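Trainee:
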Amino acid sequence: MKNILVPIEDHHGISSVLHTGLLAAMKFQSRIEAVPLGPDFDALSAVNYAVPMIVADEKTRDELSQQLRGVFEAFGRSQVPPADSGVTLAWNDADLLTDGKIGTYGRLFDLIVVGRPGPTAGDPRSATLEAALFESGRPILIAPPRAPAVIGDTVVVSWNASTETARTVGLAMPFLKQARKVIVLSVSSAMSPGPGPDLVARMLERHGLAVEFEIVNDPVKPAGRTILARAAALGADLLVKGGYTQSRLRQMIFGGATSQILAEAEIPVFMAH
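Count along the sequence shown starting at 1, add 66, and that's the number in my numbering.
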């Protein structure tokens, strides 16, 4: 996790995104590269939206980029990493990146930090998260609305035996190896065919980790909320979760654990697809 990408956009959660990225960087002595994020003009045009004039001309785009750079540099002045932390902060002085470019440029990084999407115009956008998750091939770290105090001390792994979750656990190993405690949590009603959480815990123990496992059966509460409730009860400060092990369309129509977690998580979520 030496290379961390943080898209910078003027939304309500940007302080938490930056703080979450810094906490991750301090665990791994990482370089944080920040890039300015603007509207996805191609996507807007494709659905016949009017491109906002505020960012349509080059001069105004440059001004917005400089404004976002100011947000990043102000954070760097207020949250100076210790000299011996090995953390470096860098600004990519590029034109405004679109969501699509975040997805492609993100392929160079070990981790992409984004905000948890919300329903209002001032919240982080789902399109940014989805581009990073589906187009980069890299894991993402989703910052909650309120900046966390710590990250990765007690980690809950949401295990449903899917291919996506297995891949996510592998990508999360740097966090798991630094955790004080790891709990592999399965919701019995949301399991795919495959190994159970006991076998996952045994595998992780061979890496020298302190691991426990639980199987939860709640026939009433949706799986995503069951996972979040149990993670909170366990004192977790990081949730590891495979993203969209059912299709996005199905989750949009019927709901699903990923959709519920993206809507309600109050702790950082490490996710891959």
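Glycine included, C-beta positions come from ideal geometry on N, C-alpha and C. Small disclaimer: the values here were computed from a predicted structure and weren't measured.
DSSP on alanine 267, reduced to helix/strand/coil?
Mentor: The residue labelled residue 267 in the question sits at position 201 within the sequence shown. DSSP places alanine 267 in helix when its eight states are reduced to three.
Trainee: Would you say proline 240 and valine 250 are within 9 angstroms of each other, going by their C-beta atoms?
Mentor: As a working note, residue 240 is residue 174 in the sequence shown. As a working note, residue 250 is residue 184 in the sequence shown. Against a cut-off of 9 angstroms, the Cβ pair of valine 250 and proline 240 comes out as no contact.
Trainee: Going by the beta-carbon positions, is the gap between aspartate 176 and proline 183 smaller than 9 angstroms?
Mentor: For the purposes of this step, residue 176 is taken as residue 110 along the sequence shown, with counting starting at 1. For the purposes of this step, residue 183 is taken as residue 117 along the sequence shown, with counting starting at 1. No, they are not a contact pair.
Trainee: Using the Cβ count rule (16 or more neighbours within 10 Å means buried), how would you classify glutamine 326?
Mentor: For the purposes of this step, residue 326 is taken as the residue at position 260 of the sequence shown. By the 10 Å Cβ count, glutamine 326 comes out buried.
Trainee: Would you mind working out which of Thr186, Arg296, Leu174 and Ala197 sits nearest threonine 180, comparing C-alpha positions?
Mentor: Taking the sequence shown and counting its residues from 1, one reaches residue 180 at position 114. A small fix is needed here, since residue 180 is valine in this sequence, not threonine. Taking only the C-alpha atoms, the option nearest valine 180 is Ala197.
Trainee: Can you give me the start and stop residues for the alpha helix (DSSP H) that methionine 92 sits inside?
Mentor: Residue numbering aside, residue 92 sits at position 26 when the sequence shown is read from its first letter. From DSSP, the alpha helix (DSSP H) with methionine 92 extends over 80-94.
Trainee: Distance, Cα to Cα, proline 102 vs leucine 265?
Mentor: The residue given as residue 102 occupies position 36 in the sequence shown. The residue given as residue 265 occupies position 199 in the sequence shown. Using only the alpha carbons, I get a separation of about 43 angstroms.
Trainee: Going by CA-CA distance only, name the one from Glu280, Met67, Asp128 and Ile70 that's closest to alanine 299.
Mentor: In the sequence shown, counting from the first residue as 1, residue 299 sits at position 233. Of Glu280, Met67, Asp128 and Ile70, the residue nearest in Cα terms is Glu280.
Trainee: In this structure, does DSSP put glutamate 129 in helix, strand or coil?
Mentor: As a working mapping, residue 129 is identified with position 63 in the sequence shown. If DSSP states are grouped into helix, strand and coil, glutamate 129 belongs with the helices.
Trainee: Roughly how many angstroms lie between the CA atoms of alanine 112 and arginine 272, to the nearest whole one?
Mentor: As a position in the sequence shown, residue 112 is number 46, starting the count at 1. As a position in the sequence shown, residue 272 is number 206, starting the count at 1. Note that alanine 112 scores a pLDDT of 45, beneath 50, so its modelled location is shaky; the value from the coordinates is reported in the next line. So the alpha carbons of these two residues sit roughly 50 angstroms apart.
Trainee: Tell me which residue opens and which closes the alpha helix (DSSP H) that proline 240 is part of.
Mentor: Reading the sequence shown from its first residue, position 174 is the one you call residue 240. That run of the alpha helix (DSSP H) goes 239-244.
Trainee: Grouping DSSP H, G and I as helix and E and B as strand, with all else coil, what is isoleucine 74?
Mentor: Within the sequence shown, numbered from 1, the residue matching residue 74 stands at position 8. Isoleucine 74: strand per DSSP, three-state reduction.
Trainee: Please report the residue range of the alpha helix (DSSP H) in which threonine 170 lies.
Mentor: As a working mapping, residue 170 is identified with position 104 in the sequence shown. Where threonine 170 is concerned, the enclosing alpha helix (DSSP H) stretches over 165-171.
Trainee: Quick check: the segment 155-163 against the segment 120-137, are there 3 or more CB pairs under 8 angstroms?
Mentor: Touching, yes, given that three or more Cβ pairs across the two stretches are closer than 8 angstroms.
Trainee: Looking at glutamine 256: is its Cβ nearer than 9 angstroms to the Cβ of alanine 338?
Mentor: On the sequence shown, residue 256 is found 190 positions in, with the first residue counted as 1. On the sequence shown, residue 338 is found 272 positions in, with the first residue counted as 1. The residue asked about is misnamed: residue 256 is alanine in this sequence, not glutamine. Result no, Cβ atoms of alanine 256 and alanine 338 do not sit closer than 9 angstroms.
Trainee: Looking only at its chain, what residues have a beta carbon closer than 7 angstroms to the beta carbon of alanine 116, apart from the 5 residues adjacent to it on each side?
Mentor: What you label residue 116 is simply residue 50 of the sequence shown in a count that begins at 1. Reliability of the predicted coordinates at alanine 116 is poor, the pLDDT of 43 falling under 50, and the value obtained from them is presented with this limitation in mind. Cβ within range, chain order: n/a, list empty.
Trainee: Ordered along the chain, which non-local residues of its own chain (more than five positions away) have a Cβ less than 6 angstroms from that of leucine 89?
Mentor: The residue you call residue 89 lines up with position 23 of the sequence shown. If we look at leucine 89 and ignore the five residues flanking it on each side, its Cβ neighbours are Ile217.
Trainee: For serine 220 and valine 306, I'd like the C-alpha separation in whole angstroms.
Mentor: As a working mapping, residue 220 is identified with position 154 in the sequence shown. As a working mapping, residue 306 is identified with position 240 in the sequence shown. Looking at the sequence shown, residue 220 is not serine but threonine. Cα to Cα, the separation comes out at about 11 angstroms.
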